[in-house]
Each structure stands twice: as structure tokens, then as C-alpha cells.
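Everything in the sequence shown is counted per the working numbering, starting at 2 for the first residue and increasing by one. A virtual CB, placed ideally from N, CA and C, is assigned to each residue, including glycine.
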Amino acid sequence: MHPRLVIFGAGYIGGAVARAAVARGFVVTALTRNAARAEELRAAGIRVVVADLAGDTWLEEIPAGADHVLNCVSSGGGGLDGYRHSYVDGTARIGEWIRRGRVGTLVYTSSTSVYPQGGGAEVDESALTEPAGERAALLLEAERLSSATAANRVFILRLAGIYGPDRHMILDTLRCGGPLPGSGAHRLNLAHRDDIVAAILACFAAPPAVAGGIFNVADDRPARRAEVAAWLAERLGLPPPSFDPGSAAGRRRPETPDRVIRNGRLKSALGWRPQYPDFRAGYESLLSR
Ligand SMILES: NC(=O)c1ccc[n+]([C@@H]2O[C@H](COP(=O)([O-])OP(=O)(O)OC[C@H]3O[C@@H](n4cnc5c(N)ncnc54)[C@H](OP(=O)(O)O)[C@@H]3O)[C@@H](O)[C@H]2O)c1
């Protein structure tokens, strides 16, 4: 039997999971709002429904029941209202759909931005998520709604900063010769696209004894932003990078807390290991493409 997978939000991560799952023989249905993306997905053998997750039209279009479900919508812009719409209202709709037919495993991609800790703290899944900012509170509400669905088990994956093919802002800025907006002092907690896809597939494949829960997804060795930029500049044969905390983009960017996100729970529960354990391995693979 081919496992049935439904993906809500087939963007950067969702699209990559969809392709990887098709290659493994899954029957994949993906929901997207984006007609151009829908064509690309169909060409890759994925069944596509074009709809807004928070609306109700798709409830009749996607047959109820699935072995696996992935919710990886992003806010899609629109500020706090966009967050509420896509994360909270969207997850509530998924809960409604799951009540219609049996779902084995639900994976929801949350974010390490739900953790407020800074000051070099080590952050594992037992860390407090209080005090939560407005956006983090909405992500936490989507986590709570996900956990309350009728799926047999629910994995909440709190993703660190995503990078990978076609998503490498520091590299792009350095290549353009510009200063990097913001500061270089804090550590970057990163997760390569392919390691996130592997973590999601590991949730689907986990034996029934693994009950689900909350898991951080980050690489093994966070490094300071200045160190990442300096390594990249040297690797590209460019002058040492500069930072501009006062630039418009730097001022818009909320100061990223300096901390170390720990990934041990995902390793011990699911046997996951990052293929790209630090930024050097990940960026080297991007530069050699
Ligand atoms: N970016 C990061 O570094 C980061 C860090 C931690 C966690 N995360 C989380 O990781 C997940 C995957 O991120 P990503 O980079 O793959 O995001 P992405 O590329 O922006 O893809 C998200 C997809 O969700 C779709 N979407 C948003 N709202 C929707 C709605 N109401 N109805 C239907 N589709 C909707 C978007 O469609 P449109 O194109 O139509 O907007 C987009 O295709 C997200 O849950 C995100 O919050 C991201």
C-alpha cells in the first residue's frame, strides 16, 4: 500500500517534502494558494488543491483520512492578522478536517521563535515559552490546536532558521557587496532544508511506540552571525563583511536572541542526525552546487 500524505502549505519546506515523499512512493495531496506553484507540483506527480487553508472550500475537495498530514503554512505576510489567519484559523480548519476521517500522524512545523531566551542560554524543549511576544503567542496557539486534533499522534517541530538551495540571504548580500543589515554578535541557529525534510519523514516513519511531542530541529553547532559571514566572505574571495545595525532592514529586524537551540530530543527519539551539522557543511554544499 502507498501511504497517503496530505500537505498544507506547499512552499519551500512543504514542496520539498512533497517531492521527497513522491520519490518514496507516497500518494501526496498538497494544498496551496498559489496557482503557479500548483502547476509545478502537479508536474512532479502531486495532487493539488488550490485554496486558502483558513477557508472551508477545500474540506470537500480533499478526501477525509490520511496516513500522514503535514501543516507547514507560513504567515504569508499580512503582519499579525496574517499570522492569525494562516496559523491559528488554518490549524483550526485542519482540526475540523481531521475529525472527518482517521489521521495517523500530524506534523506541524512551528518555530524556535516561540522561545524568548537569550543571553547565551541553552534551549531545549523544556524551556519556558513565556513571556511570549504577539507572534509567538499565535504560533503557540497553533501548536495547542494541533495537539488537540483527533490525529493518532502529533509532532510539533520547532524549526530553527531555514536555509538551503535558493534560500541564503547572507550569501546573497555578500555577493551583492552590501553590508549585512543588523548585528553579527548573536549566534545563528540554523536548519538546512534537507535536514528538516528528513526530520519530517522520520516522524512519519516513527514506530507506533513513539507518541509524538515537541522537538527542536536545529543543527549541532550554532555560530555567531559574524563568524558565518566572515567564513563565507573568505570562501568567496570577498573582503571581510561589515554590518549595518542602523540600516532600514536592520532596524526592522527584531534583535535575534543569542542562544543555543539543542536538538538532542529529536536525535534520541527518532534517530535523526543532521546531514549538515553546521553552517560550513551546509554552505559548502550550496557553494559547490
Ligand atoms: N523561514 C524560517 O526560517 C522559519 C523558521 C522557523 C519556522 N518556520 C516555519 O516553517 C514552516 C515552513 O516554512 P517555509 O519556509 O516552507 O514557508 P514558505 O516557503 O513561505 O511556504 C509556506 C507556504 O504556506 C502557504 N500558505 C500560507 N498561508 C496559507 C493559507 N492561509 N492557505 C494556504 N496556503 C498558505 C504559502 O502560500 P502563499 O505562497 O500563497 O503565501 C506558502 O506556499 C512554516 O510553518 C514556518 O512558519 C520558518
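Stretch pair the stretch 136–145 + the stretch 205–212: three plus CB contacts closer than 8 Å | The answer is no - the stretch 205–212 does not touch the stretch 136–145, with fewer than three Cβ pairs under 8 Å.
Would you identify the three-state DSSP class for E235, choosing helix, strand or coil?
-> helix
Selection from L81, R103, R43 and S148 that minimises the alpha carbon distance to T365 | Residue 365 is absent from the model: the chain starts at 2 and stops at 290.
Runs of alpha helix (DSSP H) lying entirely within the stretch 90–117, each at least 4 residues, in chain order | 91–99
Across which residues does DSSP place D279 in a beta bridge pair?
-> DSSP lists R222 as the beta-bridge partner residues of D279.
Residue range of the beta strand (DSSP E) that I63 falls in?
-> Element bounds for I63: n/a, residue is neither H nor E.
Is the number of C-beta pairs between the stretch 265–283 and the stretch 190–209 that are closer than 8 Å three or more?
-> Yes, the stretch 265–283 touches the stretch 190–209.
Reference R5; option with closest CA among A17, L107, L81 and G79 = L107
Between the CA atoms of P258 and G179 - distance to the nearest angstrom | 24 Å
Since G162 is in the beta strand (DSSP E), which residue starts that stretch and which ends it?
-> G162 to Y164
Specify the secondary structure class of E256 as computed by DSSP and reduced to three states.
-> coil
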